[in-house]
Each structure stands twice: as C-alpha cells, then as structure tokens.
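**Q** Residue numbers (the numbering used here), protein chains in the order written: chain A, 1 to 189; chain B, 190 to 378. Got a structure for you, written out below as structure tokens; questions coming shortly.
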DNA sequence: GGCAAAAACCTAAAGATATTAGGTTTTGTG
DNA sequence: CACAAAACCTAATATCTTTAGGTTTTTGCC
C-alpha cells in the first residue's frame, strides 16, 4: 500500500497546513510526517522545498482571483470597489497562511501566469465603473492593489493595535475614501 | 582578546547583513562566522534567534521613523504627503533587508514602543495640512500606512512586472491621487 | 599588585530541516 | 506473468538552533 503522493496532493496539503499553522511552518518534514512517508520520498514529486512554497503561493493567488472575480461579477462603481476590497480582506482573514503565501516573491515567468494577473484584471474591470482615462487605469490598479495588500497585512500583524477604533471601521471609511479618490482622480495636466 | 560581542553590536551587524543579503538569511550561524566565534557564544547576548530578528525589526522601524520625521519637518499639505510617501519608498529601496524586517509581526508590547508608533505620529502630523475631522485622522493614517507599505512591497516583489509603465510613474500618480483623496475625504454622514 | 567573581567565550551533544545518491518494493501493462 | 517504471526507502551530509556545563579573560576591589 502506497501513500499515493502527488505533486498536487502535497501542495494541497501544504496549503491546508499553512492556514492551520503558519506558512513558515510548512516544511517538507511536516508534510512527510503527515503522509507517513520519509522526507526523501517527497523529492520524487517536488524539486525542493521552494517548489512546495511556490506551489502553495500559486494556489493562493488562484483562490484569491476566484474571490475577486466573484466580487466584481454583477456589480459596478462603489459596490464593486467595496466587494473587491472585502474579497481581499476576507480572504486574508479566512486564510492567513494562504494570504502570506500569496505575497511570496515569484519568478517573473510564474508571476505572469499566476492568479495575480487575474486579480489585476478584475481590479481593472471594477474601474470601468469610474471615469478614469485609460492610461490612468494601470496606476489605479497598482494603488488599489497596494492598499488591499497593505491593509490586510497591517491589520493581521496587529499594527493597528489594541488602541484606537476598530480596524473594521477604518476599513469602511477607507473604502469610502478610495471611492472618493477614484471619482476625483487627478488628470495628468 | 575577546571578540567584544554585545547585543547591540550583534543586532547592528544583523541589520547590515539583512540589507547585504536578505533578512531570511540573517542567522545566528552567519553572525557567529562573521565575528569569528562559536554559535553558542551568541546566546550570552541574545535569548534566541527570534530575539535577533525582533531586534533588527526594531532598528528598522526606528530608522524608518527617523526618515519619516525628517520628511514631514518643515513641510505641509501635498509636499508633506509626497515627502512622507517617498521616505517610505526610498527606505524600502535603500534598505530591502530592513524593510522586510520592519514588517515582522511584533509582540504587542514591543510594537507599542517601536518606531512604528512614531511613523504613525508623523503621518498624523502630515494630515494637519488637510482638513480632516479629528476622528477621521486615525482612519487616514491607517489607509496611508497601508498604501506606503503595500506599494513598496509589491514594487520590490516584482508584482508590477516587466509589463506596463514604470512603477515610478504609478507612484507619482498615486501620490497625486492620495492628495485628492485627502482633500475630498468623505465625512461620515 | 593580586585575587575572587562575573562576564565572555568554548566544547560537546542533540534535535530539526533540506538535499543527494543509490537501493528496494509496488504496480500496471503488454 | 514478467518487467519496467514509478513509488518509496535507507543512508549520509550539511546547515541551523538550542541547551548544558566547562574554561578563560576581565574587572573591580582590597
């Protein structure tokens, strides 16, 4: 009776482990233990431990892209912005390990084929509800991506601390402010 | 002749190493090699390897806070916003290792005494140049912190890819958009 | 100056993880 | 059913972390 290891199963198990424990603690050793095999056996399916992490990152980006697509579907304008922002934040809260994985630095060729591209496309689609010059869209996409990533990161890391108002309130206000920003986007003179 | 190890010297050396190589590669072993001592000797000065990383993170936050303070000094309004934003971005580019360290999750008591608090104070000071209701300032501080962190992170990680316009241009436009956002900050009805 | 106590540094050992080389056992297919 | 490929294993090396318990340098005080 073999354990039935597979690249996909290993990465899927790693993804679960990341959320259950922490992305940093997803090791080949831990996976081998979980499957009841020797560590060396994993090397038939994964080139090295980095390949595991990269695989998890790609899974994470795909899932995030799915949420983003769902969020912008059938919505526009402020509704779409709020839904897209919440998709990011909710994902970070529901899947802390995957969210961390999604922030991994990926080799450019992989990044170009990752769900990250789809997230950017969804963000761009959302912007159709605002009146930006086409050339400005890419800048807005980057800025919004920065906010979505940054806010969830700071919130999860506890930087918003135990002082001051509920981060959720800041998030609501922040989304409104971003909506205002998009409506008043400065046109390059 | 002793090596003259000190908690401070070790952390300082670790900080340099982080920028020279990468934060993840700052290990007790590497430091011991550099100082020509046995690894175990470091434990007289640092409780464990986590203490080293935390120490570097605190150094990083302090340096960032220094830059932030310098940026907002003598400036206001859009000038202050741009200078503060650039302080973050320039710091991330000049000190990739420290910037990574600065994003470490810190235990709350430490975070509360870290340079991160000073960065928030400087951001709040910058907001005086805008017309926000006092109660909104904290939300704006959090949103701006998210952008500054997020943009530098995405830019450094290569997420802005080799396609599309220069990230520096997006940054310029982003700062203008943030300026517009602050000038049109939505007042909670 | 000399001498204890403290501080600095060392040796030794054990436990994790990652990786490679090469062997054995399943398993499915002709 | 035999055999080749795939799956999994043993063994060995290397790196990093941490603890326990020594030895040597420094330091400060008589």
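Don't be surprised by glycine CBs; every beta carbon is placed ideally from N, CA and C.
#1: Given this structure, state the Cα-to-Cα distance separating residue 55(A) from residue 44(A), to the nearest angstrom.
#2: Can the beta-carbon of residue 168(A) be found closer than 8 angstroms to that of residue 328(B)?
#3: Between residue 136(A) and residue 124(A), which are expected to be in contact by the criterion C-beta below 8 angstroms, what is the C-beta distance as a whole number of angstroms?
#4: Starting from the Cα of residue 213(B), find the closest Cα among 289(B), 303(B), 282(B) and give me that residue.
#5: With a CB to CB cut of under 7 angstroms and the five nearest residues on each side skipped, what residues in its chain are close to residue 82(A)?
#6: Less than 8 angstroms between the CB atoms is what I'm expecting for residue 129(A) and residue 76(A), so what's the real figure, rounded?
#7: Using the Cα positions of residue 179(A) and residue 210(B), report the straight-line distance between them to the nearest angstrom.
#8: Quick check: the Cα distance between residue 344(B) and residue 259(B), rounded to an integer number of angstroms?
#9: Which of the three DSSP states is assigned to residue 352(B) in this structure?
#10: What is the C-beta distance between residue 68(A) and residue 87(A), in whole angstroms, given that I count them as a contact (C-beta under 8 angstroms)?
#11: Can residue 248(B) and residue 200(B) be called in contact, C-beta distance under 8 angstroms?
#12: Helix, strand or coil for residue 195(B), going by three-state DSSP, please let me know.
#13: Between residue 294(B) and chain A, is the shortest Cβ-Cβ distance under 8 angstroms, so that the two count as touching?
#14: Can a CB atom of chain A be found closer than 8 angstroms to the CB of residue 340(B)?
#15: Could you please tell me which residues of the stretch 361–376 of chain B, in chain order, have their CB closer than 9 angstroms to any CB of chain A?
#16: Return the CA-CA distance between residue 4(A) and residue 36(A), expressed in angstroms with no decimal places.
#17: I need the DSSP call for residue 369(B), collapsed to helix, strand or coil.
#18: Is residue 108(A) helix, strand or coil when you go by DSSP?
#19: Can you give me the Cβ contacts of residue 163(B) inside the same chain, cut-off strictly under 7 angstroms, excluding the 5 residues immediately before and after it?
#20: Since residue 347(B) meets chain A, which of its residues come closer than 7 angstroms, beta carbon to beta carbon?
#21: Going by C-alpha to C-alpha distance, which of 374(B), 307(B), 359(B) sits closest to residue 320(B)?
#22: Sort 142(A), 163(A), 107(A), 104(A) by Cα distance to residue 121(A) and report the nearest one.
#23: Taking CB distances under 8 angstroms as the criterion, tell me whether residue 327(B) reaches chain A.
#24: Taking the continuous alpha helix (DSSP H) assigned at residue 265(B), which residues delimit it?
#25: Please report whether the beta-carbon of residue 218(B) lies at a distance below 8 angstroms from any beta-carbon of chain A.
#26: How should residue 348(B) be labelled, buried or exposed, when 16 other C-beta atoms within 10 angstroms of its C-beta is the threshold for buried?
#27: What whole-angstrom Cβ distance do residue 34(A) and residue 13(A) have, given they're in contact under 8 angstroms?
#28: Does the beta-carbon distance from residue 61(A) to residue 115(A) come in below 8 angstroms?
#29: Under three-state DSSP, which class holds residue 126(A)?
#30: Is the separation between the beta-carbon of residue 97(A) and that of residue 297(B) shorter than 8 angstroms?
#31: Please confirm whether residue 351(B) has its beta-carbon closer than 8 angstroms to some beta-carbon of chain A.
#32: Taking Cβ positions only, does residue 44(A) come closer than 8 angstroms to chain B?
#33: Indicate the three-state DSSP secondary structure (helix, strand or coil) for residue 374(B) in the structure shown.
#34: When you compare the CB of residue 332(B) with every CB in chain A, is at least one pair closer than 8 angstroms?
#35: Show which residues of chain A have a CB atom less than 8 angstroms away from the CB atom of residue 343(B).
#36: Checking contacts by CB at 8 angstroms: is residue 138(B) closer than that to chain A?
**A** Quick look at the numbers:
#1: Their backbone Cα atoms lie some 15 angstroms apart in a straight line.
#2: One thing to note: residue 168(A) has its Cβ no nearer than 8 angstroms to the Cβ of residue 328(B).
#3: 11 angstroms between Cβ atoms; not a contact.
#4: The shortest CA-to-CA distance from residue 213(B) to any of 289(B), 303(B), 282(B) is the one to 289(B).
#5: Non-local C-beta neighbours of residue 82(A) in its own chain, meaning closer than 7 angstroms and more than five positions away in sequence, comprise 175, ordered along the chain.
#6: Their Cβ separation, rounded to whole angstroms, is 4 angstroms, which keeps residue 129(A) and residue 76(A) in contact under 8 angstroms.
#7: Roughly 40 angstroms between the two C-alpha positions.
#8: Whole-angstrom Cα-Cα distance: 23 angstroms.
#9: Residue state, collapsed to three classes: coil.
#10: The pair is a contact, with the Cβ atoms about 5 angstroms apart (cut-off 8 angstroms).
#11: Going by C-beta atoms, residue 248(B) is nearer than 8 angstroms to residue 200(B).
#12: Annotated three-state conformation of residue 195(B) is coil, per DSSP.
#13: So, interface residue.
#14: By the rule that beta-carbons nearer than 8 angstroms mark a contact, residue 340(B) touches chain A.
#15: Residues of the stretch 361–376 of chain B with a Cβ closer than 9 angstroms to any Cβ of chain A, in chain order: 361, 362, 363, 365, 366, 367, 368, 369, 370, 371, 372, 373, 374, 375.
#16: Approximately 11 angstroms, taken between the alpha carbons.
#17: In the structure shown, residue 369(B) sits in a helix (DSSP, three-state: H, G or I).
#18: DSSP places residue 108(A) in helix when its eight states are reduced to three.
#19: Nothing about residue 163(B) can be read from this structure; chain B reaches only from 190 to 378.
#20: 105, 108, 111, listed in chain order.
#21: With distances taken between Cα atoms, residue 320(B) lies closest to 374(B).
#22: The shortest C-alpha separation from residue 121(A) is found at 142(A).
#23: With 8 angstroms as the cut-off, residue 327(B) counts as an interface residue toward chain A.
#24: Per DSSP, residue 265(B) belongs to no alpha helix (DSSP H) and is neither H nor E.
#25: So no, residue 218(B) is outside the interface.
#26: Residue 348(B) is buried by the Cβ-count criterion.
#27: Yes, residue 34(A) and residue 13(A) are in contact; Cβ-Cβ is about 6 angstroms, under 8 angstroms.
#28: Residue 115(A) is positioned such that its CB atom lies closer than 8 angstroms to that of residue 61(A).
#29: Residue 126(A): helix per DSSP, three-state reduction.
#30: Contact: no.
#31: Taking Cβ atoms only, chain A reaches closer than 8 angstroms to residue 351(B), which makes this a yes.
#32: Chain B, which has no Cβ nearer than 8 angstroms to the Cβ of residue 44(A), makes this no.
#33: Correct three-state label for residue 374(B): coil.
#34: It does; some Cβ of chain A falls within 8 angstroms.
#35: In chain order: 142, 145, 146, 149.
#36: With chain B represented from 190 up to 378, any question about residue 138(B) goes unanswered, as that position is not in the structure.
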